[in-house]
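Have a look at the structure below before the remarks.
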Amino acid sequence: MSDGPPVRLEIRGLTKSFYDVPAIDEVDFDLVGGEVHGLLGENGAGKSTLCSVLAGLYRPDAGEIRLDGEVLHLRSPHDASRHGIGMVYQHFRLVESFTVAENIVLGLGRDALGRGGLRQVEQRVAELAERFGLAVHPAAPVWQLSVGEQQRVEILRQLYRGARILILDEPTAVLAPHEAERLFEAVGQMTEGGHAVVLVSHKLQEILGHTDRVTVLRGGRNVGVGVTAELTPTSLARLMFGVGDDAPTVHEHRHDPPGEPVLALTDLHVQGDRGVPAVQGVSLTVRRGEIVGVAGVAGNGQRELQEAIAGLRPATGAVHIAGADCSDGDVRARAAAGLAYVPEDRLGGALAPGLPLDHNMALKSYDRPPNSQRGVLSASSIRSGAAKLAEAFDVRGARDGMPVSFMSGGNLQKAILARELTAPHEVLLAAAPTRGLDMGAAAAVREHVLDERDAGRGVLLFSEDLAEVLELADVVLVMFHGRIVGSFTKQEIDLERIGLLMTGGVTSGSNTVAP
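In numbering that gives the first Met the number 0, the protein residues as written are 0 to 514.
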């Protein structure tokens with residue numbers, strides 16, 4: 000690895016589409032050695048796609064990438080690595096049973112070991128770790144390492160392979176504050192040696208505190224580049240969320256005033272998958288005839304909160320559904336109390352992918368008449384019931400015996416809604432209900448959500464699409480770092496403040512939303 004002259008990366012007119020929908024559209028971007036360049040944008044802005052093109056995972060449809068004046072045609076991550084571009088993903092890609100050194104040389108071939116074998120690799124890793132302040136034992140098995148140490152292994156792997164450009168994808172999402180500070184100290188060591196670092200983040204304070212320049216993406220386009228020292232949380236939030244002429248529209252819907260509470264959470268605390276707090280003291284209330292929308296950037300505790308409400312994840316605190324105390328209830332008990340649940344993971348969380356549509360439609364009613372009589376299933380009743388639901392909710396593409404995994408996303412979502420909304424319920428918990436759907440399917444799903452509200456039920460809507468929350472919700476809550484940090488009625492909507500709250504640009508003194 001050589002420090003050499005500072006690297007320079009130039010991107011011009013980069014475009015990448017999926018199913019004819021641009022994920023990035025004529026994006027310009029440049030990066031120079033010795034700088035930390037922040038890449039900022041809300042969910043779906045195009046950050047991951049741009050980085051994946053640079054990492055060789057995707058091939059662009061149009062545009063040009065130049066490295067030190069040379070045009071690059073990156074066909075694989077190996078190509079990117081060969082040119083000194085390395086990416087550290089938010090979700091680590093390590094073999095836990097292997098040691099640090101074994102993970103670092105994994106995939107490089109036997110020649111990577113050299114004459115000294117694994118001991119030589121361990122020595123080189125130890126030298127890199129000391130040089131950049133990335134303390135980790137080269138011979139330690141990965142499963143014994145903390146989250147912060149595992150991230151250091153990922154960074155060391157890229158440095159060992161000669162990366163001069165390092166892309167860090169939401170690097171502090173799983174780190175404790177002291178680990179995050181150590182990470183940024185290491186980043187400082189890298190840039191002093193001429194490396195260039197792309198910091199992908201949605202946290203305004205992190206971007207403002209640890210970058211030299213910032214590029215903001217919105218809707219797949221580059222909407223602004225600036226020197227960090229000249230920017231403020233407010234100016235960045237305006238670029239991210241389009242506050243101004245192209246801001247999301249707040250729609251009014253005429254309906255009766257909300258009634259009594261049908262869902263009440265009190266001081267809910269939930270642990271994440273890695274054993275760290277994901278939800279910290281959330282309290283909220285949803286009333287009959289009301290849609291409460293939760294806005295937030297992905298990874299701020301929304302998934303854990305949804306699963307805790309549904310009974311899928313342990314939690315402390317109180318959960319009341321339609322007046323019943325369900326704090327200790329499981330999934331079945333909460334459904335019986337009146338909760339309908341549409342999770343964000345359709346195939347993994349709501350449907351059995353290998354079963355046909357009629358079996359999936361009966362998952363909540365197979366043990367009751369007419370689908371079951373005295374413990375005996377009625378295949379004809381299950382088929383006819385599914386056919387009626389499919390017709391009522393315009394679910395298409397199903398065939399006898401065909402697994403639902405072959406159906407389109409829009410039809411899967413309508414099938415889930417058909418099953419959940421036709422079962423007795425008082426409140427709908429809907430997570431990212433229109434994600435990945437075409438315009439027609441998304442419009443149909445939104446109409447079902449509004450119909451629930453107008454029928455006198457309560458709706459708790461989670462969506463990473465701020466425009467969707469503003470369109471549907473009567474009350475907008477903002478979630479950040481596992482807390483509810485803001486609450487707005489339709490009349491109180493302040494896009495600039497919502498954007499700042501979503502990204503940590505400002506904080507609220509309370510995480511409790513009054514009933």
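Glycine residues also receive a C-beta, built at the ideal position from the N, C-alpha and C atoms. Values in this document were obtained by computation on a predicted structure and should not be read as measured data.
Classify residue i: buried if its beta carbon has 16 or more other beta carbons within 10 angstroms, exposed otherwise.
i: Ala-44; result: buried
i: Phe-518; result: Only positions 0 to 514 of the chain appear in this structure, which leaves residue 518 out of reach.
i: Tyr-340; result: buried
i: Arg-528; result: Given a span of 0 to 514 for the chain in the structure shown, any question on residue 528 remains unanswerable.
i: Lys-15; result: buried
i: Glu-95; result: exposed
i: Met-401; result: exposed
i: Thr-315; result: exposed
i: Gly-108; result: exposed
i: Gln-157; result: buried
i: Leu-144; result: buried
i: Leu-133; result: buried
i: Tyr-159; result: buried
i: Glu-491; result: exposed
i: Val-20; result: exposed
i: Asp-357; result: buried
i: Val-226; result: exposed
i: Thr-284; result: buried
i: Val-196; result: buried
i: Val-375; result: exposed
i: Phe-240; result: buried
i: Leu-230; result: buried
Helix, strand or coil, according to DSSP, for residue i in the structure here?
i: Arg-56; result: According to the sequence provided, residue 56 is Leu. The question's Arg does not apply to it. Coil, per DSSP.
i: Tyr-340; result: strand
i: Phe-461; result: strand
i: Arg-11; result: strand
i: Leu-71; result: strand
i: Tyr-89; result: Here residue 89 is Gln; the residue named in the question, Tyr, does not match the sequence. Looking at Gln-89 - three-state DSSP - the assignment turns out to be coil, as it is neither helix nor strand.
i: His-82; result: coil
i: Asp-266; result: strand
i: Val-26; result: strand
i: Val-120; result: helix
i: Leu-105; result: coil
i: Val-141; result: helix
i: Pro-276; result: strand
i: Ile-497; result: helix
i: Phe-97; result: coil
i: Asp-244; result: With a pLDDT of 48 at Asp-244, under the threshold of 50, the predicted position of this residue should be treated as unreliable, and no value is reported.
i: Leu-133; result: coil
i: Pro-257; result: coil
i: Gly-37; result: strand
i: Ile-492; result: coil
i: Pro-170; result: coil
i: Pro-432; result: coil
i: Gly-43; result: coil
i: Gly-147; result: helix
i: Asp-453; result: helix
i: Arg-445; result: helix
i: Ala-175; result: coil
i: Thr-190; result: helix
i: Arg-333; result: helix
i: His-77; result: helix
Tell me, which residues are paired with residue i by DSSP?
i: Ile-483; result: Met-478
i: Phe-183; result: Answer by DSSP bridge pairing: none, since Phe-183 is not bridged.
i: Ala-65; result: Position check: residue 65 holds Arg in this sequence, whereas Ala was assumed. Paired residue(s): Glu-9 and Val-70.
i: Val-31; result: Arg-7
i: Gly-439; result: Beta-bridge pairing links Gly-439 to no other residue.
i: Ser-234; result: Its beta-bridge partners do not exist; DSSP assigns none.
i: Val-20; result: Phe-17
i: Ile-154; result: None; Ile-154 has no bridge partner.
i: Leu-165; result: Gly-85 and Val-196
Since residue i contacts residue j with CB under 8 Å, what's their CB separation in whole angstroms?
i: Leu-459; j: Val-426; result: 7 Å
i: Val-141; j: Gln-149; result: 6 Å
i: Gly-116; j: Val-6; result: With 8 Å as the limit, Gly-116 and Val-6 do not qualify as a contact, their Cβ atoms being about 32 Å apart.
i: Pro-355; j: Leu-346; result: 14 Å between Cβ atoms; not a contact.
i: Val-474; j: Ser-486; result: 7 Å
i: Ile-154; j: Ala-54; result: Going by Cβ atoms, the distance from Ile-154 to Ala-54 rounds to 14 Å, so no, they are not a contact pair.
i: Val-394; j: Ala-414; result: 5 Å
i: Arg-482; j: Gly-288; result: Rounded, the Cβ-Cβ distance is 27 Å, inconsistent with contact.
Do we get a CB-CB distance below 8 Å when we pair residue i with the residues of chain D?
i: Gly-503; result: Protein chains in the displayed structure number just one, and chain D is not present.
**Message:** For a minimum of 4 consecutive residues, which ranges assigned as the alpha helix (DSSP H) are wholly contained in the segment 387 to 430?
**Reply:** Listed in chain order, the complete alpha helix (DSSP H) runs (minimum 4 residues) inside the segment 387 to 430 are 408 to 421.
**Item:** Runs of beta strand (DSSP E) wholly within the segment 196 to 227 (minimum 3 residues, chain order)
**Value:** Look at the segment 196 to 227 and you find these whole runs of beta strand (DSSP E), each 3 residues long or longer: 212 to 217 and 220 to 226.
**Within the segment 278 to 330, ranges of the alpha helix (DSSP H) (whole runs, at least 4 residues)** = Every alpha helix (DSSP H) of 4 residues or more that sits fully in the segment 278 to 330 is shown, in chain order, as 301 to 309.
**Item:** 4-residue-minimum alpha helix (DSSP H) runs that sit fully inside the segment 335 to 384, ordered along the chain
**Value:** Correct list: 356 to 360.
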